[in-house]
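Notes for the one structure printed next.
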DNA sequence: GGAAGAAATTTCAAGCTTAAAATTGTTTTT
DNA sequence: AAAAACAATTTTAAGCTTGAAATTTCTTCC
């Protein structure tokens, strides 16, 4: 069933048992691509973390959580936040605790289902976030400024393809 | 190539209702690009972490550290490892402690300068790393398999441009 | 209606990460 | 040669992150 020749798979992928020791060259290109992607990502992330800390005494996780809430004026269920941020539920618990303490978000228990916690930005939290978001957009814009609009578009498209590839692979493995 | 004279933003982005400020210049395209890059990076990283844990009871930082050492048969100074991995020096200290305990790396103090610690893979560590590296390459290869060779090349080039842009921006700000 | 199961969240233990301060060792200055 | 400057690393304190186990609260099924 899996051995159909209808699909255009390049020959080197067909032999699933071949290990790197046999043919190290096969995987080199993808590895380099991944490392380059990771480098870009790490550089940007580090810089954003640094500036959030220095200019706003905040952190990236806090910013990301507030960014999720900004688009949900009526608040959001914890589990939904966890899924969207792609982090573990236990992680959200800690972040929410601190952001509640500092007055950035409010939390309420859903009356009809007391398991459910709903969090939302407070007016203070929203104001703070908007200040940060404006600067954040500037930082990213500066970091990406050396990229011509054409390249920006191409990169966007290629990353879309990559994302599809990753998700397809994850789905297959699951 | 795609049409290069007009890489316009789709109409919904032009709606000025949800802006942060009076929008001197629209940063949304860069933001979206950054988020997409981050998503790809996060997805791959999570999967690699998961498999390192499940299949080798190891972690990504350990793997990365050993990967640095693999290319340095005579060992490497701690500070150099720290720079290459783009993590803080204190971080390396902890990793080295654990990897030394588990017998994967050896550490020696340089005789001519006793501030300097040199670490290197032990034969055991090298063997372990090579096992992991082979699988790691396969995982990445699978995740990227949906990308045509052409796209792979284009992505590689575009990421190179992005990396230059980021580094130029960081240098300017410093 | 009560027990079993499922769902949302929290707790826990362990490890990662960072920046800043401290420590240890070397080099330069006076 | 003492003092000051510098360099490599470690320590510290705080926060992030995870997976697994536990808790609380519904829902379902007999």
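Residue numbers (our numbering), protein chains in the order written: chain W, 254 to 427; chain L, 254 to 427.
Backbone N, C-alpha and C define an ideal beta-carbon position, used for all residues, glycine too.
According to the neighbour-count rule (16 or more other Cβ atoms, all chains shown, within 10 Å of its Cβ), is residue i buried or exposed?
| i | result |
| --- | --- |
| residue 214 of chain W | Examination of residue 214 of chain W is not possible in this model, given that chain W is present from 254 through 427 alone. |
| residue 432 of chain L | Residue 432 of chain L is absent from the structure shown; chain L starts at 254 and stops at 427. |
| residue 286 of chain L | buried |
| residue 406 of chain W | buried |
| residue 277 of chain L | Its pLDDT being 49, under 50, residue 277 of chain L is placed unreliably in this model, and the value from its coordinates should be taken loosely. With fewer than 16 Cβ atoms within 10 Å of its Cβ, residue 277 of chain L is classed as exposed. |
| residue 319 of chain L | buried |
| residue 347 of chain L | exposed |
| residue 288 of chain L | exposed |
| residue 324 of chain L | exposed |
| residue 369 of chain W | exposed |
| residue 363 of chain W | exposed |
| residue 390 of chain L | buried |
| residue 422 of chain L | buried |
| residue 381 of chain L | buried |
| residue 366 of chain L | exposed |
| residue 311 of chain W | buried |
| residue 327 of chain W | exposed |
| residue 275 of chain L | In this predicted model, residue 275 of chain L has a pLDDT of only 45, less than 50, meaning its place in the structure is not dependable enough to derive any value. |
Rounded to whole angstroms, how far is the Cβ of residue i from the Cβ of residue j, which I believe are closer than 8 Å?
| i | j | result |
| --- | --- | --- |
| residue 329 of chain L | residue 372 of chain L | 6 Å |
| residue 397 of chain W | residue 283 of chain L | 4 Å |
| residue 399 of chain W | residue 417 of chain L | 6 Å |
| residue 408 of chain L | residue 415 of chain W | 7 Å |
| residue 349 of chain W | residue 360 of chain W | 6 Å |
| residue 304 of chain W | residue 313 of chain W | With 8 Å as the limit, residue 304 of chain W and residue 313 of chain W do not qualify as a contact, their Cβ atoms being about 10 Å apart. |
| residue 388 of chain L | residue 300 of chain L | Actually they do not touch by this definition, with Cβ atoms about 12 Å apart. |
How is residue i classed by DSSP in three states: helix, strand or coil?
| i | result |
| --- | --- |
| residue 362 of chain W | strand |
| residue 248 of chain W | Lying before the first or after the last residue shown, residue 248 of chain W is absent from chain W, which here runs from 254 to 427. |
| residue 385 of chain L | helix |
| residue 349 of chain L | helix |
| residue 319 of chain W | helix |
| residue 340 of chain L | coil |
| residue 275 of chain W | Summary for residue 275 of chain W: the model assigns pLDDT 47, below 50, so the residue's position carries little reliability; its value from the coordinates is reported in the next sentence. It is coil, neither helix nor strand. |
| residue 254 of chain L | With a pLDDT of 33 at residue 254 of chain L, under the threshold of 50, the predicted position of this residue should be treated as unreliable, though the coordinate-derived value follows. Correct three-state label for residue 254 of chain L: coil. |
| residue 409 of chain W | helix |
Residue i: beta carbon under 7 Å from a heavy atom of the ligand GDP?
| i | result |
| --- | --- |
| residue 338 of chain L | By its list of ligands, the structure shown contains no ligand whatsoever, and the ligand GDP lies outside what it can speak to. |
message: Does the contact criterion of 3 or more C-beta pairs under 8 Å hold for the segment 288-308 of chain L versus the segment 354-366 of chain L?
response: no
message: Quick check: the segment 374-391 of chain W against the segment 330-340 of chain W, are at least 3 beta-carbon pairs closer than 8 Å?
response: no
message: Please identify, using Cβ separations under 8 Å, the residues of the segment 294-314 of chain L that lie next to chain W, in order along the chain.
response: 294, 295, 296, 297, 298, 299 and 300
task: Could you please tell me which residues of the segment 402-427 of chain W, in chain order, have their CB closer than 9 Å to any CB of chain L?
output: 402, 403, 404, 405, 406, 407, 408, 409, 410, 411, 412, 413, 414, 415, 416, 417, 418, 419, 420, 421, 422, 423, 425 and 426
- prompt: Relative to chain L, which residues along the segment 314-329 of chain W have a C-beta separation below 7 Å, given in chain order?
  reply: none
- request: Would you list, in chain order, the members of the segment 332-358 of chain L that have their beta-carbon closer than 7 Å to a beta-carbon of chain W?
  value: 339
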